[in-house]
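Working notes for the structure below.
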Amino acid sequence: MVAADNGRSGAVALLLHRAKADLSLLDVNKNTALHLACSKANEMCAMLILKEIHNPILINATNSMLQMPLHIAARNGLATVVQALLNRGATVLAVDEEGHTPALACASNKAVADCLALILSTMKPSSSTPSSSSPSSPSFNLLKHCGITAACPPLPNGGLRHGYGKDRHGATIGLDGYLTE
């Protein structure tokens, strides 16, 4: 875990292959070695660890801030790690303690998250079909997997009605899931 936290890929490889390191160990913040490698933006360490994870529960393990390795890898721009996590079944709709899905964890702040949600909500499939807002359409599925559909329902013409929705108690909720005034 210390080797992953310090980005020591050689030490990580040695510990994984010779010492058979226990990848289920947690630090005081419930981070696994994979969380730590992703948080230090060390792609090599993260990929070495991912290759040795045989327990699918570790792919979606949450730390004390409810972040999975996918949240952290996305936030740090580790595209190769994000792809590997997705290929291994990482949950794209998981929400951390700030209410962010991994897609919105990429955003540096709330304003950027709102912009990202707006842009994603207007994306259309390459073949124009009259039912682009149907639950089976590619654009709807993209938004659904980004965790944005409930907050950004598309208009029939594909435009965005507004950037906010109402929750069941009538409070206004922004694109990123935060209550707004």
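1 is the number of the first residue of the sequence shown in full-length UniProt numbering; add one for each residue after it.
C-beta: ideal position from N, C-alpha, C; glycine also.
- For the set Leu-104, Gln-83, Ile-119, the Cα lying nearest the Cα of Ala-46 is the one of Gln-83.
- Following the DSSP letters along the chain, one finds Asp-114 inside the alpha helix (DSSP H) bounded by residues 110-122.
- Proximity of the region 108-119 to the region 77-91 falls short of the contact definition, fewer than three beta-carbon pairs being nearer than 8 angstroms.
- In terms of CA proximity to Ala-41, Val-81 leads the group Ser-108, Val-81, Asn-60.
- Cα atoms of Asn-109 and His-54: separation of roughly 34 angstroms, rounded to the nearest angstrom.
- In this structure, Leu-34 sits near Leu-50, with a CB-CB distance shorter than 8 angstroms.
- About 16 angstroms separates the beta carbon of Leu-58 from that of Pro-102, a gap too long to meet the 8 angstroms contact definition.
- Setting aside the 5 residues that flank it on each side, Gln-67 is surrounded in the same chain by Asp-96, each with a C-beta closer than 7 angstroms to its C-beta; the list follows chain order.
- Sixteen is the threshold: since fewer than 16 other Cβ atoms of the shown chains lie within 10 Å of the Cβ of Arg-18, the residue is exposed.
- The DSSP assignment places 69-75, 79-87 as complete runs of the alpha helix (DSSP H) inside the UniProt repeat "ANK" (65-97), in order along the chain (cut-off: 4 residues).
- Val-112 has its alpha-carbon roughly 28 angstroms from the corresponding atom of Met-44.
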